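In our numbering, the protein residues as written are 14 to 113.
Cβ atoms here follow ideal geometry from the backbone N, Cα and C, with glycine treated the same way.
Keep in mind it's a predicted model, so treat the numbers as computed, not measured.
To start, the structure itself, in structure tokens.
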Amino acid sequence: TARDDAGNSVHCTFSLEVTDDEAPVVACPGFVSFGSSRGGTGDEVATVTFAAASATDNADSSVGVVYVTYGATATVDASIQVSGATASGTFAGGTTTVTA
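Set out below in structure tokens:
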């Protein structure tokens, strides 16, 4: 607001927008190799525990990590369970890529 000596005043308004243009940062564990066993079905399987992926963001205090599995070998149990700093899942023999 601007006011002169005669008491006249005027004001203006404007809008501003704050945007989050920076992607979160994710840290994944390194390569994991684990011995398999027969899971009672004749198939090689392994329940593998590994360091959980973590994520941070410049604007959000809590960033969730979602795991997706794919690869040459299907997972026996596609869900990965996270408990604190570790995660685990049951995988078929071979190589499975886990993306977080």
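CA-to-CA distance, residue j to residue i, given in whole angstroms
i, j, result
"Arg11", "Leu29", "Since the displayed the chain opens at 14 and closes at 113, residue 11 lies outside it and no answer follows."
"Thr26", "Asp70", "32 Å"
"Gly97", "Val76", "14 Å"
"Val39", "Thr110", "16 Å"
"Asp159", "Val31", "Beyond the ends of the chain as shown, which are 14 and 113, falls residue 159; an answer cannot be given."
"Thr60", "Ser46", "11 Å"
Spatially closest choice to residue i from the options, by CA coordinates
i, options, result
"His24", "Asp18, Thr32, Thr14 and Thr60", "Thr14"
"Ser74", "Gly20, Pro37, Asn21 and Ser22", "Pro37"
Residues near residue i by beta carbon distance below 8 Å, same chain, minus five either side
i, result
"Thr62", "Thr99, Ala100 and Ser101"
"Glu35", "Asp70, Asn71 and Ala72"
Own chain residues within Cβ distance below 6 Å of residue i, not counting five before or after
i, result
"Ala72", "Asp33"
"Ile93", "Tyr80, Ala100 and Gly102"
"Val78", "Ala66, Ala68 and Ala113"
Cβ shell of residue i (< 7 Å), same chain only, five flanking positions each side left out
i, result
"Cys41", "Ala66 and Ala113"
"Gly20", "none"
"Gly43", "none"
Residue span of the beta strand (DSSP E) that contains residue i, given as start and end
i, result
"Phe104", "Thr99 to Ala105"
"Ala40", "Val38 to Ala40"
"Thr110", "Thr109 to Thr112"
What residue ranges within the segment 56 to 83 form continuous beta strand (DSSP E) runs of no fewer than 3 residues, ordered along the chain?
-> Taking 3 residues as the shortest admissible run, the segment 56 to 83 contains the following complete beta strand (DSSP E) segments, listed from N- to C-terminal end: 57 to 64 and 67 to 69.
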